[in-house]
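Participant: For the sequence shown, the working numbering assigns the number 1 to the initial residue and increments by one for each residue that follows.
Note that CB positions come from ideal geometry on N, CA and C, so glycine has one too.
The structure follows.
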Amino acid sequence: MGRAPHTLRLLAGSLIVVAALAGCSDEKKAAAPQLPERTCFGVFTRSDLEPLMGDGETVTVSGPADARLNAQRRAATCNVDVDGRGRVLVAATRQPLGQSFFWPPTDGSEPVPDPLALGDKGILWNTGARVTLTCKGAEDSFELELAISGSVEHMKPGTSRALFTSLMTKYLESAKQQTRCGA
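Printed below as a string of structure tokens:
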């Protein structure tokens with residue numbers, strides 16, 4: 001009779017150890033964070049940006065609701081962070097007609113960019129894309145630069161350029177409408 005409480009204590013202790021060890025082996029990385037349904041000037045859906053998010057708990061999106069640029073509001077930037085780490089940066093910059101944008105040469109630390117057949121001039125890296133275009137309209141003419149960059153550390157190698165091409169294609173169409181490029 002004296003052995004029953006001792007056996008129960010050993011059994012209970014063993015179960016606690018097994019449960020603790022099972023908890024360690026089942027421990028997973030934090031799940032992908034929940035993005036807003038639409039983000040970055042209302043252009044991108046949750047599924048558009050998910051490949052760049054990685055693991056984490058808290059998503060923070062900062063930036064204006066749109067990219068409606070004019071002579072007074074010459075730039076707009078959207079940042080998407082996960083747990084305080086930058087994951088996506090989307091920017092639009094407007095300049096007076098005739099002022100071109102300067103893209104510094106690469107320093108060799110990243111693969112050479114590919115040309116991107118969007119806008120007047122476009123380039124594509126493993127970590128982002130840039131496009132410029134001249135917007136000539138009846139009321140207003142200007143130069144526009146669009147840029148997207150993102151953290152690709154969670155992506156399968158060799159897939160990021162296709163993603164950034166797709167994102168820039170979508171962004172370009174929306175930005176042309178929002179900035180009234182050519183209108």
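Let me make sure I understand the geometry here. Which of T132, E139, G56 has the alpha-carbon closest to that of H154?
Facilitator: The residue with the shortest Cα to Cα distance from H154 is G56.
Participant: Which full runs of the beta strand (DSSP E) of 3+ residues lie inside the region 101 to 169, going along the chain?
Facilitator: The qualifying runs are 121 to 125, 128 to 136, 141 to 150.
Participant: Is the CB-CB distance between A162 and I148 below 8 Å?
Facilitator: Not closer than 8 Å, so no.
Participant: Which partner residues of S62 appear in the DSSP bridge assignment?
Facilitator: S62 pairs with N79.
Participant: Got a sec, what are the start and stop residues for the beta strand (DSSP E) R85 sits in?
Facilitator: R85 -> beta strand (DSSP E) spans 85 to 96.
Participant: Measure the C-alpha to C-alpha separation of S62 and T45 and round it to an integer number of angstroms.
Facilitator: Distance between the alpha carbons of S62 and T45 is about 16 Å.
Participant: What residue range is occupied by the uninterrupted alpha helix (DSSP H) comprising D55?
Facilitator: It is not in any alpha helix (DSSP H) - D55 carries neither H nor E in the DSSP assignment.
Participant: With DSSP as the reference, label R38 as helix, strand or coil.
Facilitator: DSSP places R38 in strand when its eight states are reduced to three.
Participant: In the DSSP output, which residue or residues are listed as bridge partners for T45?
Facilitator: T45 is bridged to R38.
Participant: In whole angstroms, what is the alpha-carbon distance linking V112 and F142?
Facilitator: Roughly 29 Å separates the two Cα atoms.
Participant: Once the 5 residues before and after R74 are set aside, which same chain residues still bring their CB inside 8 Å of it?
Facilitator: T93, R94, Q95, listed in sequence order.
Participant: Helix, strand or coil, according to DSSP, for L69 in the structure here?
Facilitator: Three-state result, L69: coil.
Participant: Work out the CA separation of N70 and V80 for me, nearest whole Å.
Facilitator: About 24 Å.
Participant: Is DSSP giving Q177 helix, strand or coil here?
Facilitator: Of the three classes helix, strand and coil, the one that applies to Q177 here is helix, per DSSP.
Participant: Enumerate in chain order the residues of its own chain whose CB-to-CB distance from L133 is below 7 Å, with the five nearest sequence positions on each side excluded.
Facilitator: Within the same chain, L133 has close Cβ partners G119, D120, L144, C181.
Participant: Distance check for Q72 and G158, CA to CA, integer angstroms please.
Facilitator: Computed Cα separation, rounded: 40 Å.
Participant: Is it buried or exposed, V160, if we count other Cβ atoms within 10 angstroms and call 16 or more buried?
Facilitator: Here residue 160 turns out to be Ser, not Val, going by the sequence shown. When all chains shown are included, S160 counts as buried.
Participant: Going by other Cβ atoms of all chains shown within 10 Å of its Cβ, with 16 needed for buried, is L52 buried or exposed?
Facilitator: So L52 ends up on the buried side.
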